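Here is the structure we will look at, set down as structure tokens.
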Amino acid sequence: MNDIITTSPDAAPAPAEKPAAYRVLARKYRPKDFSDLMVGQEPMVRTLTNAFETGRIAQAYMLTGVRGVGKTTTARILARALNYKTDEIDKPTIDLRTPGEHCQAIMEGRHVDVIEMDAASHTGIDDIREIIEQVRYRPVSARYKVYIIDEVHMLSTQAFNGLLKTLEEPPEHVKFIFATTEIRKVPITVLSRCQRFDLRRIAATDLVGLFSTILGKEGITAQAEALAMIARAAEGSARDGLSLLDQAIAHGGGIVEADAVRSMLGLADRARIVDLFGHVVRGDVKAALEEFAWQYEAGASPAVVLTDLADFTHLVTKLKFSAEAANDQSLSEVERVRGAEFSAAVAVSTLSRIWQMLLKGIPETENAARPAGAAEMVLIRLTHAAHLPSPEDAARRLLEMSGSDAGRPAPRGATPGNGGGNGTTSSVASQGQSSIQARAGEPVMPSRMTANGAAMLRAVPEAELPVQERGQVDIKPEPAPAEPVVPLRSVADLVDLCQKNRDILLKTLVRNFVRLVRLEPGRLELNIPDDAPKTLVTDLQRRLEEWTGIRWMVTVSREPGQPTMVETEAAAKEQRFNDARQDPDVAAILARFPGSKMVDVRIKVSEIELDETPEVAAVAESEEGDILPGDDIEH
């Protein structure tokens, strides 16, 4: 038989319990002692620990860092440590596991002896004058009277100046704790009177661990990928990360899932970003645009897509030089695996070019009237330039086309150029141009050289090209064929070898200090002055063995040897000046114009010499690029 509970009409209904007000995670899990601050702030905690144990407590502290790293919280914990008192302990300490008499009131910001002031709303000298008048009085109940001034950089110049004397010599019962996000706006006179602590950005790995601990206490399940997204979006700020985590819990109805977080933050799928990067480095414009369109339709912001693409480019570049970068817990498995694959396949020059173009393209997209169209144009530029040679490589290849293969016989079927050109030159130029354009994913334009040195291009239909020259370029670069080493006969050959291998420092040292005594294959004797670098001989021997592939013996001789290249050039220049001074015409000009002087002497090449050796002159002058056959030559 069921019990029936009745109430008298006069009985008042029992009042319903009012639910406790919800506290956001950033406030609920705010650190309360130094053990909680160990997340990312170990150097500061270690310094304060040693200072408190030895009694070397400063009169003022300056806490600086980006928003959300815990400046105000650290100031309260420091005030609590300065005024810590229990039945057993009555001295400043960093061991705050047991709450003391003043701890709760200090952490809640309501202790009478711990005065917190927001400098953003109290910027004038009158506010500082009030503090100066109050510091003379001893604390009411605590050990120290602590003034916490947040955003101290907002104080006026007069307020800073009024605080200087008190800050330098405060009463023994007063401590100052300042917090700021703009440390450069604080006068150096104030900084010199404070112990400064730079609170670092919290690493994404530490933030993921913090989120996991808090969600475990709250009894909420979350995907690791979702926590990694929130940690990246927080940018080193614990408060921003916890606020996003609060939002993600509400957005997902108590469950933190990657898709919900991605939708909430407007992010792109990291796996799809990796696919987009692959299309870019392969030069596949169509696939890159289709991938971007899919991500844009899924809700990703165009600027965010490019930013994530830049982040992955940075990751691939880091993995190329440091494999330990893959241990970051904020990375997904796709980013780790495929990032390592790309780091082994894509050249540093290509990654650097993509990075620079993205740095320029991201603000363009953010400020564009049509962000999606601007992002597509950035992707088109990226895919087009992914396999273009660097300016240095392009210049080197042009030099190789014009000179290094000049002595090789022309391949069968090569068409000789008109005028002064020959079949060899046109063949080399055609092969170099084909190589450059095939890497860029464009139709090959074979060239031939005309009499005046201009390149004539002939378009070839893409269907006639091999598969490798139709833009289908594999990620892994093919090794360049080994080039024959030119025999070394003089110091000039050594300088040319250094120039060819881009060792400008060794080239300069050889030109300035090497006096050649004897040079044979595998053996080099030289005389060097006392002021030459001590490592010149060993560096030269090591480089020669590396560049020529044979063993070299480089020794220092006591014989005087030949003059250095710099000495030879200086002597030749001086001789030209002496000869020019003895010329009657030059002497007459110098006499006619007082104060004039010779700055350079150039040797005039007669037209007869050009006619006698037309081919040699044409080759030498066209390689220089400044004189062509048929032009007037002035010296």
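Those letters in the sequence shown? Residues 18 to 652, by this note's numbering. Positions of the beta carbon are idealized from the N, C-alpha and C atoms, including for glycine. Every value quoted in this text rests on a predicted model; they were computed, and no experiment measured them.
The beta carbon of residue 247 lies closer than 7 angstroms to those of 228, 258, 261, 262, 265 and 278 in the same chain, with the five residues before and after it left out. Rounded to the nearest angstrom, the Cβ distance from residue 80 to residue 195 is 7 angstroms, consistent with a contact under 8 angstroms.
Secondary structure at residue 328: helix, using DSSP grouped into helix, strand and coil. Of the candidates 237, 251 and 76, the residue whose Cα lies closest to the Cα of residue 184 is 76. For a cut-off of 8 angstroms, the C-beta gap from residue 582 to residue 512 is around 7 angstroms, short enough to register as a contact. With respect to residue 136, residue 95 sits apart: the two C-beta atoms are not nearer than 9 angstroms. Residue state for residue 89 is assigned as helix, using DSSP reduced to three classes. The residue from 151, 573, 203 and 388 with its alpha-carbon nearest to that of residue 313 is 388. Within 10 angstroms of the beta-carbon of residue 109 lie 16 or more other beta-carbons, which makes it buried. With 16 or more other CB atoms across the displayed protein chains lying within 10 angstroms of its CB, residue 360 is buried. Separation of the CB atoms of residue 560 and residue 520 is rounded to 6 angstroms, and the pair is thereby assigned contact status at 8 angstroms. DSSP places residue 212 in the strand class (E or B) of the three-state scheme. DSSP places residue 348 in the coil class of the three-state scheme, outside both helix and strand. Residue pairing from DSSP places residue 131 in a beta bridge opposite 163. Residue 78 carries a strand assignment under DSSP once its states are collapsed to helix, strand and coil.
Between residue 554 and residue 543, the CB-CB gap stays under 9 angstroms. Here the C-alpha atom of residue 321 lies approximately 22 angstroms from the C-alpha atom of residue 83. Judged by their CB atoms, residue 368 and residue 337 are nearer to each other than the 9 angstroms cut-off. Where residue 192 is concerned, the enclosing beta strand (DSSP E) starts and stops at 191-197. Under the DSSP assignment, residue 542 falls in the beta strand (DSSP E) whose first and last residues are 540-544. Its chain contains 571 as the residues whose beta carbon lies nearer than 6 angstroms to that of residue 557, once the 5 sequence neighbours on both sides are disregarded; these appear in chain order.
269 is the residue among 269, 383, 251 and 216 whose C-alpha sits nearest the C-alpha of residue 237.
Contact check for residue 103 against residue 125 fails: the beta carbons are separated by 9 angstroms or more. Considering only 232, 323, 290 and 87, the residue with the shortest C-alpha distance to residue 373 is 323.
DSSP, read as helix, strand or coil, puts residue 415 in helix. Cβ-Cβ distances below 7 angstroms link residue 357 to 336 and 343 in the same chain, with the five nearest sequence neighbours on each side left out; the list follows chain order. For residue 319, the CB contacts under 6 angstroms within the same chain, skipping 5 residues up- and downstream, are 382, 388, 389 and 392 in chain order. When secondary structure is reduced to three states using DSSP, residue 532 falls in the strand class.
For residue 140, the secondary structure class from DSSP, reduced to helix, strand or coil, is coil.
Here residue 309 has 293, 322, 392, 393 and 396 as same chain residues with Cβ atoms under 7 angstroms from its own Cβ, once five neighbours each way along the sequence are excluded.
A distance of 9 angstroms or more separates the beta carbons of residue 206 and residue 170. In the DSSP assignment, residue 572 falls within the unbroken beta strand (DSSP E) covering 570-573.
Going by beta carbons, residue 412 and residue 379 fall outside the 9 angstroms limit. The beta carbon of residue 91 sits closer than 6 angstroms to those of 80, all from its chain and outside the five residues before and after it, given in chain order. Here residue 48 is near residue 87, since their CB atoms are less than 9 angstroms apart.
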